[in-house]
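Down below is the structure, laid out as structure tokens.
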Amino acid sequence: MKIMYVTSECAPFVKTGGLGDVAGSLPKALAAKGHDVRVFCPLYSAIDSAFTEKFTHLKNAYVRLGWRNQYCGVQEYQADGVTFYFIDNEYYFSRTQIYGEYDDAERFAYFSKSVLEVLPDLDWKPDVINCNDWQTALVPVYYNLMFASRPFYDGIKTVFTIHNIQYQGQYGREILEYVLGIDDAHFRSGFMAMDGDVNLMKAAIVAASAVTTVSPSYAEEIKTEYYGYRLDSVLRMNSHKLHGILNGIDVDLFNPMNDSKIFKNYGPRNPQGKLVNKLKLLELCGLEGDENTPVIGMVTRFVDQKGLDLVEAVLHQMLEDDVRLIVLGKGDWRYEQMFLEAKRLYPAKISASIMFSGDLANRIYAGSDMFLMPSKFEPCGLAQMIALRYGSIPIVRETGGLKDTVQAFVDYTGAGNGFSFASYNAHDMLHVIREACGVFRYNKDGWKKLVLQGMKSDFSWGTSADRYIEVYQSVIG
Ligand code: GLC
441 MKIMYVTSEC
451 APFVKTGGLG
461 DVAGSLPKAL
471 AAKGHDVRVF
481 CPLYSAIDSA
491 FTEKFTHLKN
501 AYVRLGWRNQ
511 YCGVQEYQAD
521 GVTFYFIDNE
531 YYFSRTQIYG
541 EYDDAERFAY
551 FSKSVLEVLP
561 DLDWKPDVIN
571 CNDWQTALVP
581 VYYNLMFASR
591 PFYDGIKTVF
601 TIHNIQYQGQ
611 YGREILEYVL
621 GIDDAHFRSG
631 FMAMDGDVNL
641 MKAAIVAASA
651 VTTVSPSYAE
661 EIKTEYYGYR
671 LDSVLRMNSH
681 KLHGILNGID
691 VDLFNPMNDS
701 KIFKNYGPRN
711 PQGKLVNKLK
721 LLELCGLEGD
731 ENTPVIGMVT
741 RFVDQKGLDL
751 VEAVLHQMLE
761 DDVRLIVLGK
771 GDWRYEQMFL
781 EAKRLYPAKI
791 SASIMFSGDL
801 ANRIYAGSDM
811 FLMPSKFEPC
821 GLAQMIALRY
831 GSIPIVRETG
841 GLKDTVQAFV
851 DYTGAGNGFS
861 FASYNAHDML
871 HVIREACGVF
881 RYNKDGWKKL
891 VLQGMKSDFS
901 WGTSADRYIE
911 VYQSVIG
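Just so we're aligned, residue 441 is where the sequence shown starts under my numbering, counting upward by one.
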């Protein structure tokens, strides 16, 4: 099968969140199953020259977007059986940020149009195009409106994957003709419109042959008002083509047995090495504590989605207990300040690194006993799976992918792989944190088993990649 994968970020080249990880690992897994997989991504100036030096310039083209006619270079790179095409336009992608520019709608409309426009130049016709999130939501829209009737493009199918329904690409009606080059009739018909605005994600849900999202639970949740961010009715109407497929992680990349970033390698067969990582991590973070002190890790973007208001509500109570909290991340000023202030009050108990760092993240996975992820909603969540692989026991709220990957520990049977609470309630969270610390302190055998079970869990892409193939096959027919 010829699979075209379109994404606005892709690890290891450029990544701001989970989408980057998925785009960096799913195509690889699909290619390993014998498919012809090609990934399309913008050539941002942020991509390290260590990579771009290895790209080869393939084509020059021009792409029409509304009244504009824009240059479009294509650079190629091959790795792990996957072909990568980077779309080059310095005006759009040589910026200080990946997202958050004043003209994001235009930048990603340009990208979505370009990837379709260059296909004849590449002399490659995919069977199916899988695009992701609002940034590439215009791919199925442009395909249906402007490409489907051209002979070269005949019969290509589109699949749209939702990684987070909170970000939809909502813009005023005026951008439709002027920027996107789409006739206003498609606003009047309702196709491009939602709540009086242009809504790219909504249009993609309607236009694509199939819609997927990144866990079975989230696929159900987004059909409800609480989780749907106003698109729940659109998803209910399109539920016949909606599939929830759990993400995998790159198990070669996240492997404590050969991870060069951590202090000492370990795994299910030599789990003792984890303690070395814990003691070194405490030292690195300037915290007091020994092997009997529970260490809780958090690696997260500081946004409301991640449940940080729950942490805020009980942070002092948490830190009055005999625990250590090691936080890595950045985002909303309010939460950055909250952790820095806590650091001032409890310098020996909490460490807060306000930044993103892959190296420190892996050291936290390896050195912590527990991993806290109390998300308000979580389409899939990758950190809890990585944590489990590193033997850090997740404490999560039962939502989305967290619910699908973490089962609560049952004391008397030893079943489960973590701790969880259902309601979005700070004291419920505090209660399970204390429960986890209790098991850690007083049920050492139970805890050892938990850690071993975690390390052995299989979060590779295998089965999920098969599920994507099934969806692609079902739309190709
Ligand atoms: C988004 C979601 C996260 C998911 C990731 C990859 O970042 O918030 O839950 O794991 O996309 O699909």
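Using N, Cα and C, we set each Cβ at its ideal position, and we do this for glycine too.
Just so it is clear, the structure is predicted and the values come from calculations on it, not from any experiment.
| Query | Result |
| --- | --- |
| Segments of 3+ residues assigned as beta strand (DSSP E) that fall wholly inside the region 777 to 853 | 790 to 794, 810 to 813, 833 to 837 |
| Cβ-heavy atom distance, Cys481 to the ligand GLC, below 7 Å | no |
| Reduced DSSP category for Lys867 - H, G, I as helix; E, B as strand; rest coil | Checking the displayed sequence, the identity of residue 867 turns out to be His instead of Lys. His867: helix per DSSP, three-state reduction. |
| Bridge partners - Pro482, DSSP secondary structure assignment | Ile527 |
| Any alpha helix (DSSP H) of 4 or more consecutive residues that is wholly inside the region 596 to 670 | 615 to 618, 625 to 628, 640 to 647, 656 to 661, 665 to 668 |
| Length-filtered (3 minimum) beta strand (DSSP E) runs lying within the region 667 to 750 | 682 to 684, 735 to 739 |
| 6 Å CB neighbourhood of Ser897 in its chain, flanking five on each side removed | Leu828 |
| Residue interval of the alpha helix (DSSP H) (run including Ser860) | Element bounds for Ser860: not the alpha helix (DSSP H) but the beta strand (DSSP E), 859 to 861. |
| For Gly458, the three-state DSSP class (helix, strand or coil) | helix |
| Start and end residues, beta strand (DSSP E) containing Tyr445 | 442 to 446 |
| Endpoints, alpha helix (DSSP H) assigned at Tyr908 | 902 to 916 |
| C-alpha gap between Ile833 and Gly609, whole angstroms | 35 Å |
| Cβ-Cβ distance between Ile605 and Leu671 below 8 Å | yes |
| According to DSSP, residues forming a beta bridge with Gly769 | Ile794 |
| heavy atom of the ligand GLC below 7 Å from Cys820 C-beta | yes |
| Proximity test, Asn425 beta-carbon vs the ligand GLC heavy atom, cut-off 7 Å | Here the chain has residues from 441 to 917 only, and residue 425 is not among them. |
| Rounded straight-line distance, which links the Cα of Arg881 to that of Lys442 | 53 Å |
| Contact test: Asn570 Cβ vs the ligand GLC heavy atom, cutoff 7 Å | no |
| Host alpha helix (DSSP H) of Lys473 (start-end) | Premise fails: Lys473 is in no alpha helix (DSSP H) and is neither H nor E. |
| Secondary structure of Arg881, DSSP reduced to three states | helix |
| As assigned by DSSP and simplified to three states, the class of Arg504 | strand |
| Same chain, Cβ closer than 6 Å to Leu722, five either side skipped, listed in chain order | Gly729 |
| N-terminal and C-terminal residue of the beta strand (DSSP E) that Val568 is part of | 568 to 572 |
| Three-pair Cβ contact test at 8 Å for the region 583 to 599 versus the region 640 to 650 | yes |
| CA-to-CA distance, Val891 to Leu716, given in whole angstroms | Here residue 716 is Val; the residue named in the question, Leu, does not match the sequence. Distance between the alpha carbons of Val716 and Val891 is about 15 Å. |
| The ligand GLC heavy atom lying under 7 Å from the CB of Val654 | yes |
| Buried or exposed by the 16-neighbour rule on C-beta atoms within 10 Å, applied to Pro591 | exposed |
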